[in-house]
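These notes are about the structure you will find just below.
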Amino acid sequence: MSTYFIGDVHGCYRHLQTILDHVCFNPNVDTLHFTGDLIARGPNSLEVLRLVYAFKTSASIVLGNHELHLLKTYFGINGRKRKDYFDAIFNAPDLEELINWLRHQPMLYIDENKKILMTHAGIHPNWNINNTKEYAQEIEEILVSDHYFLLFKKDMHDNVSDMHQIHNSKLKQIQENINVFTRMRYIYLNGQLDLKYKGAPNDAPKNIYPWFSLNKLADPAYNIIFGHWASLGEIKIPSGMYGLDSGCCWGGALTLLRWEDKKIVSIPCDHPST
Numbered sequence: 001m002s003t004y005f006i007g008d009v010h011g012c013y014r015h016l017q018t019i020l021d022h023v024c025f026n027p028n029v030d031t032l033h034f035t036g037d038l039i040a041r042g043p044n045s046l047e048v049l050r051l052v053y054a055f056k057t058s059a060s061i062v063l064g065n066h067e068l069h070l071l072k073t074y075f076g077i078n079g080r081k082r083k084d085y086f087d088a089i090f091n092a093p094d095l096e097e098l099i100n101w102l103r104h105q106p107m108l109y110i111d112e113n114k115k116i117l118m119t120h121a122g123i124h125p126n127w128n129i130n131n132t133k134e135y136a137q138e139i140e141e142i143l144v145s146d147h148y149f150l151l152f153k154k155d156m157h158d159n160v161s162d163m164h165q166i167h168n169s170k171l172k173q174i175q176e177n178i179n180v181f182t183r184m185r186y187i188y189l190n191g192q193l194d195l196k197y198k199g200a201p202n203d204a205p206k207n208i209y210p211w212f213s214l215n216k217l218a219d220p221a222y223n224i225i226f227g228h229w230a231s232l233g234e235i236k237i238p239s240g241m242y243g244l245d246s247g248c249c250w251g252g253a254l255t256l257l258r259w260e261d262k263k264i265v266s267i268p269c270d271h272p273s274t
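Start counting the sequence shown at 1; every next residue gets the next number (full-length UniProt numbering).
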């Protein structure tokens, strides 16, 4: 019985199959956890969704920014982009089933026994464990409600929303928390996110810092697993943190962590266009 964590797949179905075969993944006894961004960028997003969905209780995911983009596109909040490889998903007979499943996936995975926290992008240094759980639950509850659109509204008015009388200031904070869970890479010393620079830390502007490089409030007994940041390369990450996005969709690698012995398995990926 093994516990596996896999970085961003981005529709690279063939490579996902290869790495699961390599470790002899058995859904009857093993468990598999994904850091989010199962879809987009690679050509077989529908196949990846169906495979993970078929694993049922043997697999779990946390939502990434691309899953949220898919949901926004489905609900007409975002327009379709050719580079997202969403056409096959939107033309699939099981579209609504897959969308409903995604809406019910968490922002945060916690294993209290193994002391693991997993989100797509990471945990803000100013958050403790209780904050993190609370913020994730707020987002999850709205996402499955009839008021899902509140998570994605760009323009807030001064009036109070109709969902449990949540003030706009609260909604803005929830939207900012979504950015932490799904888009965070760099932050300023005051805790504000910088969402513009996406490159490697060695070349970053001097006034922003990788979120994992600052002292954190979260209990140090917990390990943090995340994806999202393919450009990290060989940058050293603090002990107890595991960044698993190695840029499969860009011709990098797909990376898997086996928790029991902390073994890292990476398989090279050709570019999706090849």
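The beta-carbon is built from N, C-alpha and C at its ideal position, and this holds for glycine as well.
Asked                                                                                                                                                                 : Found
To which residues of the same chain is Trp101 closer than 7 Å at the C-beta, ignoring the five residues directly before and after it?                                 : Tyr53
Quick one: complete beta strand (DSSP E) runs, 3+ long, within the UniProt domain "Calcineurin-like phosphoesterase" (1 to 146)?                                      : 3 to 6, 31 to 34, 59 to 61, 109 to 111, 116 to 118
Could you name the residues that DSSP lists as bridge partners for Ile264?                                                                                            : Leu257
Report yes or no: do three or more beta-carbon pairs, one from the segment 1 to 16 and one from the segment 32 to 45, lie closer than 8 Å?                            : yes
So, at 8 Å on beta carbons, what are the nonlocal neighbours of Ser266 in its own chain, with the 5 sequence-adjacent residues on each side left out?                 : Ser246, Ala253, Leu254, Thr255, Leu256
Under the rule that 16 or more other beta-carbon atoms within 10 Å means buried, what is Lys216, buried or exposed?                                                   : buried
Just verifying my parser: in three-state terms, what is the DSSP assignment at Tyr222?                                                                                : coil
Return helix, strand or coil for Asn159, following the three-state DSSP convention.                                                                                   : In this predicted model, Asn159 has a pLDDT of only 38, less than 50, meaning its place in the structure is not dependable; the value taken from the coordinates is given anyway. Residue state, collapsed to three classes: coil.
The alpha helix (DSSP H) with Asn177 in it runs from where to where?                                                                                                  : 168 to 183
Name the DSSP beta bridge partners of Asp270, please?                                                                                                                 : None; Asp270 has no bridge partner.
Cβ atoms of Leu20 and Val9: under 7 Å apart, would you say?                                                                                                           : no
Do you know how far the Cα of Glu141 is from the Cα of Ile224?                                                                                                        : 23 Å
Tell me, to the nearest whole angstrom, how far the beta carbon of Asn65 is from that of Arg183; I am working on the premise that it is less than 8 Å.                : 5 Å
Three or more C-beta pairs closer than 8 Å, one from the segment 115 to 125 and one from the segment 202 to 214: is that the case here?                               : yes
From this set, Ser145, Lys114, Ala200, Tyr188, which residue's C-alpha is nearest Arg258's C-alpha?                                                                   : Lys114
Who are Gly243's beta bridge partners in DSSP?                                                                                                                        : Phe226
So, Pro27 versus Ser58, is the Cβ gap smaller than 7 Å?                                                                                                               : yes
Across the segment 227 to 234 and the segment 133 to 140, are there enough close Cβ pairs to call them in contact, namely three or more that are closer than 8 Å?     : no
Could you check the C-alpha separation between His147 and Val180 for me, to the nearest Å?                                                                            : 21 Å
How would you label Val29, buried or exposed, when you count the other beta carbons within 10 angstroms and need 16 or more for buried?                               : exposed
Which one of Arg80, Asp94, Ile77 has the shortest CA to CA distance from Leu46?                                                                                       : Asp94
Counting C-beta neighbours from all protein chains within 10 Å, is the total for residue 340 16 or more, i.e. buried, or is it exposed?                               : No statement about residue 340 is possible, as the shown extent of the chain runs from 1 to 274 and does not include it.
Determine which residues share a DSSP beta bridge with Pro210 and list them.                                                                                          : Tyr186
What does the alpha-carbon distance come out to for the pair Gln173 and Thr132?                                                                                       : 13 Å
Looking only at DSSP bridge pairs, what is Leu193 linked to?                                                                                                          : Ile187
Return the residue from the list Lys72, Asn44, Leu108, Lys81 that minimises the CA-CA distance to Leu63.                                                              : Leu108
Which residues in the same chain as Ile235 place their Cβ atom closer than 6 Å to its Cβ, once the five residues preceding and following it in sequence are excluded? : Pro201
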